[in-house]
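Colleague: Numbers given in the numbering used here equal positions in the sequence shown, counted from 1, plus 8. Here's a structure for you.
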Amino acid sequence: MDAKRAFIIGIAATFLLSLAASSLAVYVMIEGDPFGGGGDVGSGAIPDKDPQSESTGVPASADGGLPGYVLPVSILGLLSAMAFLLLSGRVYMRSNKGENIVRMDLLDLITVNPGINLTSIRKELELSQGAVSYHIMKLEKSGKIFSDKGSKERRYYPSSMGYTNAMKMARRDEMESILSNETSARIVELLREGSKSQNELVKTLGISPSTVHWHMERMRSASMVRKEQRGRSVYYELLDLSDLNT
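Below you can see the structure in the form of structure tokens.
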């Protein structure tokens with residue numbers, strides 16, 4: 009068991025102790041002494057009751073007051089409750105401080121590496137996917153980072169670079185990712201010669217129509233090509249790729 013879990017269990021035990029002590033004190037004050045009582049059990053004798061006890065329902069001590077343990081028990085319950093609140097506050101503050109440190113590290117990582125993806129963030133910070141996703145969500149909601157969903161992965165950019173610049177870089181990152189695929193790069197080279205039909209690309213590259221379609225749809229989503237229907241044939245035309253050079 010790690011220290012943090014043991015600490016939380018300790019706080020819970022303190023709370024239960026304070027609750028039990030307080031409940032016992034209240035029970036004594038309302039119902040009477042659960043541990044006292046005169047006479048022998050089973051003797052059939054009814055113990056004499058103090059008039060004060062009879063009227064208030066609280067057993068009297070020797071001098072006519074409350075039993076001696078009621079006050080200590082009440083004080084113990086109060087102190088335990090105060091300890092619970094104090095320790096709970098400390099745990100919350102430490103947890104919150106820890107989250108802020110992780111979030112600052114994450115923001116620094118994204119600032120130094122704009123366009124970084126979730127997998128790379130996990131490796132760099134050595135965090136679980138759930139933890140990274142949680143902190144990224146917090147940073148996005150607070151407006152400290154932007155994200156762009158590419159064809160294969162979502163990338164993250166610091167808001168300090170501005171939304172326009174971030175999205176321009178995101179497009180360039182996506183195009184570079186696409187062109188890192190040999191088949192996609194070959195298709196772009198063919199389209200630089202002029203528009204081509206899907207059938208022409210299939211014959212030239214020696215791949216299936218479905219494979220060509222997959223590559224072309226990926227490039228279309230990145231605004232790299234335009235699709236045009238000409239009769240029964242589908243043609244593709246290369247768009248401006250100047251962002252690759254900026």
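We treat Cβ as the ideally placed atom computed from N, Cα and C, and that holds for glycine. In this text the structure is predicted, and so the values were computed from the model without any measurement.
1) Evaluate Val120 with the Cβ neighbour count: other Cβ atoms within 10 Å of its Cβ, from every protein chain shown; 16 or more gives buried, anything less gives exposed.
2) Along the chain, where does the beta strand (DSSP E) containing Lys235 start, and where does it finish?
3) Between which two residues does the beta strand (DSSP E) containing Arg180 stretch?
4) Given this structure, state the Cα-to-Cα distance separating Met175 from Asn189, to the nearest angstrom.
5) Since Leu115 and Leu147 should fall inside the 8 Å C-beta cutoff, what is the C-beta to C-beta distance between them, to a whole number of angstroms?
6) Measure the C-alpha to C-alpha separation of Tyr164 and Asn125 and round it to an integer number of angstroms.
7) Taking Arg200 and Leu246 to be in contact with their CB atoms under 8 Å, please state how far apart those CB atoms are, rounded to whole angstroms.
8) Per DSSP, what are the beta-bridge partners of Arg130 in this structure?
9) Note down, in chain order, each residue of its chain lying with its Cβ closer than 6 Å to the Cβ of Pro217, except the 5 sequence neighbours on either side.
10) Establish whether the CB of Arg180 and some CB of chain B are separated by less than 8 Å.
11) State the start and end residues of the unbroken alpha helix (DSSP H) segment that holds Glu225.
12) On the DSSP letters alone, give me the boundaries of the beta strand (DSSP E) that Leu246 sits inside.
13) Determine the burial state of Lys204: buried for a count of at least 16 other Cβ atoms within 10 Å of its Cβ, exposed for fewer.
14) Here's the rule: buried if 16 or more other CB atoms are within 10 angstroms of the residue's CB, otherwise exposed. What is Met101?
15) Kindly list the residues whose CB is nearer than 8 Å to the CB of Arg111, restricted to its own chain and excluding five residues on each side of it in sequence; keep chain order.
16) In this structure, what does DSSP give as the bridge partners for Lys157?
Modeller: On the basis of the coordinates in this document:
1) exposed
2) DSSP places Lys235 inside the beta strand (DSSP E), whose first and last residues are Val233 to Arg238.
3) Per DSSP, Arg180 belongs to no beta strand (DSSP E); it is in the alpha helix (DSSP H), Tyr171 to Leu187.
4) 22 Å
5) 6 Å
6) Take the alpha-carbon of Tyr164 and the one of Asn125: they are about 6 Å apart.
7) 6 Å
8) Bridge partners of Arg130: none, in fact.
9) Val210
10) Here there is only one protein chain, and chain B is not present.
11) It spans Pro217 to Ser229 - the alpha helix (DSSP H) in which Glu225 sits, taken as one unbroken run.
12) Unbroken beta strand (DSSP E) run through Leu246: Ser241 to Leu246.
13) buried
14) Residue placement at Met101 is poorly supported in this model, since its pLDDT is 47, which falls under 50; the coordinates still yield a value, given next. Exposed is the call here.
15) His143, Lys146 and Leu147
16) Arg162
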